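Asks: First the structure, which I've put down as structure tokens, then a few questions once you've had a look.
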RNA sequence: GGGCUGAUAGCUCAAUGGUAGAGCAGCGUCCUUUUAAGUCGUUGGUUCUGGGUUCGAAUCCCAGUCAGCCCA
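Residue numbers (this note's numbering): 17 to 512.
In structure tokens, the structure reads:
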């Protein structure tokens, strides 16, 4: 072995570990330091009084993201929860003759990424930036790993998703998009609570995966010796609560579907479901329109949003188009008698529209393929597609005049299904027939406990679901569901 | 599940089949109002993994891993 110390200057992790060891040798443990803040960065800037430099005292803390060392003084910037706006991280000014020689020498050894607290007074620099002139600082946590590059940020999509914490630090667009999601969810809650809706939590572990058609995740409870599924929908438990007299009820919760992953699908996703007794699908139209309008106004500050994929602006104010499903199909196929055609004719019609159709599909599935592939993607402006064929959802009421269709709508915006809503089926006998037809004789797939609850009487009600992730895609202009989920599902790999 | 594309320094990216480079970050120096600060110098590579072709592979071929996009 050589007596020469190894050159570790190229290995940033090793350099930082050795800086930490030096500090500890000098009796300083930066992970045990304490500090009380008085302001977030934005509040500190607001606390500045024009023309009154060095009078207002603040204590701020955050992550060091910029260092401009000028020898005997430095400008640095710290990043905290509130520094995501236009002004960005808060600037600190550290002068050797103010903090003292020893403290200044230690400051020079700090690294980008370190978390520190600083006390000082506010002033405005020559170029007009409100800055904290530091009297005292404390290192609160040493960062042993370097941050991504300051100008280009983190752009490798894999790292953006796997190391979201870095994405949040260095990519302001990611940060504001994901924080916007929090504001959207928060506003949805407030909107519904203002209208006397009660928020509840229902079981995620269920013995029957009801309320939707999807493959569930399965798991096992050891003590009970029972298999469970993770819920694929919130619907059947919320309806039990309608039976229980909670007339306006909602849940914002995670559903799990054991299916493909794509730009529009994550195996776990967030649904809002709302039920209102003594209302119906038409009542839900008003509710969802008001909700989205107020979301746009309060969260985005505009009712018009840019839809990049189509190049159109989506306008939320004004009347929303309302059109029966069958009219859209007749229009798309150019066949006024579409619904009188045989299955073979429908398959031919779908193929004429360039669709691949599985001959084993049912009639209505062939037609619905046309809807989801050729019609829905073109519905950019908010559109209520009403009166879907009865085969498409077994939990809604049949239309009184035309019992082949349902009293339901699907709200479509930006080519995406945003909110389905029903006049909820509350006839327990009819509900049982629908379930049994859907289960195809597999009784274990019928939620008997729910049907038993319905037999006690559920008030007539309107119900609606909103996929929160898709709503966020729409309102934030994101390209993928992964961009509105903090930690999207990826294959697990060993830590780097 | 199928197709296409990609993986090079901590990060962002270069590199006709012929010595793997740059910017930022790091390390060392100068600078007490900077704004992607500036200045001078400088370290750093299992080119995703494993095979193959070739005198020679980051580059071509095969297999795999991971990711993105499209399709189912």
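Glycine included, each C-beta is placed from N, C-alpha and C at the ideal position.
Please read these numbers as outputs of a predicted model, since none were measured by experiment.
Pairs of beta-carbons, one from the region 216-223 and one from the region 433-440, closer than 8 Å: are there three or more?
Replies: Contact fails: fewer than three Cβ-Cβ distances are below 8 Å.
Asks: Can you list the alpha helix (DSSP H) stretches of 4 or more residues lying completely in the region 440-465, in chain order?
Replies: As far as the region 440-465 is concerned, its whole alpha helix (DSSP H) runs of at least 4 residues are 444-455.
Asks: Using the Cα positions of residue 216 and residue 233, report the straight-line distance between them to the nearest angstrom.
Replies: Here residue 216 refers to the residue found at position 200 of the first chain. Here residue 233 refers to the residue found at position 217 of the first chain. Looking at the two C-alpha atoms, the distance is approximately 23 Å.
Asks: Go to residue 203, then tell me how far its alpha helix (DSSP H) extends in each direction, as first and last residue.
Replies: Counted from its first residue, the first chain places residue 203 at position 187. Its alpha helix (DSSP H) spans residues 188-210.
Asks: Residues in the same chain with beta-carbon distance under 7 Å from residue 490, minus the five sequence neighbours each way, listed in chain order, please.
Replies: In the first chain, the residue the question calls residue 490 occupies position 474. For residue 490, where only same-chain residues beyond five positions count, the Cβ hits under 7 Å are 429, 430, 432 and 434.
Asks: Using alpha carbons as the reference points, say which of 81, 401 and 448 lies closest to residue 425.
Replies: Numbered from its first residue, the first chain carries residue 425 at position 409. Of 81, 401 and 448, the residue nearest in Cα terms is 401.
Asks: Residue 421 bridges to which residues according to DSSP?
Replies: Numbered from its first residue, the first chain carries residue 421 at position 405. Beta-bridge pairing links residue 421 to 405.
Asks: Helix, strand or coil for residue 19, going by three-state DSSP, please let me know.
Replies: Along the first chain, read from residue 1 onward, the residue named residue 19 stands at position 3. Below a pLDDT of 50, predicted positions are generally treated as unreliable, and residue 19, at 40, falls in that range; no measurement from the model is reported.
Asks: Work out the CA separation of residue 181 and residue 91 for me, nearest whole Å.
Replies: Counting from 1 along the first chain, the entry for residue 91 is found at position 75. Counting from 1 along the first chain, the entry for residue 181 is found at position 165. Straight-line Cα distance between these residues: approximately 25 Å.
Asks: Please state the DSSP three-state secondary structure of residue 486.
Replies: Position 470 of the first chain, counted from the first residue, corresponds to residue 486. In this structure, residue 486 counts as helix in the three-state DSSP scheme.
Asks: Taking one C-beta from the region 326-345 and one from the region 380-395 each time, how about it: are there three or more such pairs within less than 8 Å?
Replies: With the cut-off at 8 Å, the region 326-345 and the region 380-395 touch.
Asks: From residue 75 to residue 280, what does the alpha carbon distance come to, in whole angstroms?
Replies: In the first chain, counting from the first residue as 1, residue 75 sits at position 59. In the first chain, counting from the first residue as 1, residue 280 sits at position 264. Cα to Cα, the separation comes out at about 44 Å.
Asks: Which residues does DSSP list as the beta-bridge partners of residue 271?
Replies: Along the first chain, one-based indexing puts residue 271 at 255. Note: residue 271 sits in a beta bridge opposite 285.
Asks: Am I right that residue 147 and residue 71 are in contact with their C-beta atoms under 8 Å? What's the rounded C-beta distance?
Replies: Taking the first residue of the first chain as 1, we reach residue 147 at position 131. Taking the first residue of the first chain as 1, we reach residue 71 at position 55. Not confirmed; about 14 Å, so no contact.
Asks: Whose CA, out of 469, 252 and 355, lies closest to the CA of residue 480?
Replies: In the first chain, counting from the first residue as 1, residue 480 sits at position 464. Per the Cα distances, 252.
Asks: So, does the region 268-279 touch the region 193-200, judging by three or more C-beta pairs under 8 Å?
Replies: Too few Cβ pairs lie closer than 8 Å, so no.
Asks: From what residue to what residue does the alpha helix (DSSP H) around residue 118 run?
Replies: Numbered from its first residue, the first chain carries residue 118 at position 102. Its alpha helix (DSSP H) spans residues 117-124.
Asks: Are the region 98-108 and the region 26-43 touching by the rule of at least three beta carbon pairs closer than 8 Å?
Replies: The region 98-108, when compared against the region 26-43, does not touch it at the 8 Å Cβ threshold.
Asks: Give the secondary structure of residue 375 by DSSP, where H, G and I count as helix, E and B as strand, and everything else as coil.
Replies: Taking the first chain and counting its residues from 1, the one referred to as residue 375 is at position 359. Here residue 375 sits in coil by DSSP.
Asks: To the nearest whole angstrom, what separates the beta carbons of residue 46 and residue 155, a pair I think is in contact under 8 Å?
Replies: Counting from 1 along the first chain, the entry for residue 46 is found at position 30. Counting from 1 along the first chain, the entry for residue 155 is found at position 139. About 4 Å separates the two Cβ atoms, so the contact holds.
Asks: Rounded to whole angstroms, what is the Cα-Cα separation between residue 374 and residue 355?
Replies: Here residue 374 refers to the residue found at position 358 of the first chain. Here residue 355 refers to the residue found at position 339 of the first chain. Straight-line Cα distance between these residues: approximately 19 Å.
Asks: Who are residue 478's beta bridge partners in DSSP?
Replies: Locating residue 478 in the first chain gives position 462, where the first residue counts as 1. Residue 478 is bridged to 292 and 439.
Asks: In its own chain, which residues sit with a C-beta less than 7 Å from the C-beta of residue 237, not counting the 5 before and 5 after it?
Replies: The residue labelled residue 237 in the question sits at position 221 within the first chain. Cβ neighbours of residue 237 beyond the five flanking positions: 244.
Asks: Under 8 Å between the Cβ atoms of residue 447 and residue 467?
Replies: Locating residue 447 in the first chain gives position 431, counting from the first residue. Locating residue 467 in the first chain gives position 451, counting from the first residue. Closer than 8 Å, so yes.
Asks: Of the choices 266, 248, 159 and 246, whose alpha-carbon is the least far from that of residue 254?
Replies: As a working mapping, residue 254 is identified with position 238 in the first chain. That would be 266, whose Cα lies nearest to the Cα of residue 254.
Asks: Please state the DSSP three-state secondary structure of residue 85.
Replies: The count along the first chain starts at 1 and reaches residue 85 at position 69. Three-state DSSP puts residue 85 in a strand.
Asks: Is it buried or exposed for residue 24, if we count other Cβ within 10 angstroms and need 16 for buried?
Replies: Stepping through the first chain from its first residue, residue 24 is reached at position 8. By the 10 Å Cβ count, residue 24 comes out exposed.
Asks: Count the other CB atoms, across all protein chains shown, that sit within 10 Å of the CB of residue 17; report buried if there are 16 or more and exposed otherwise.
Replies: The residue you call residue 17 lines up with position 1 of the first chain. Residue placement at residue 17 cannot be trusted, given a pLDDT of 37 that sits under 50; what the coordinates show is reported in the next sentence. Classification of residue 17: exposed, given that the 10 Å Cβ count is below 16.
Asks: Quick one: Cα of residue 167 to Cα of residue 81, how far?
Replies: By one-based count along the first chain, residue 167 stands at place 151. By one-based count along the first chain, residue 81 stands at place 65. Each residue's Cα considered, the two are about 11 Å apart.
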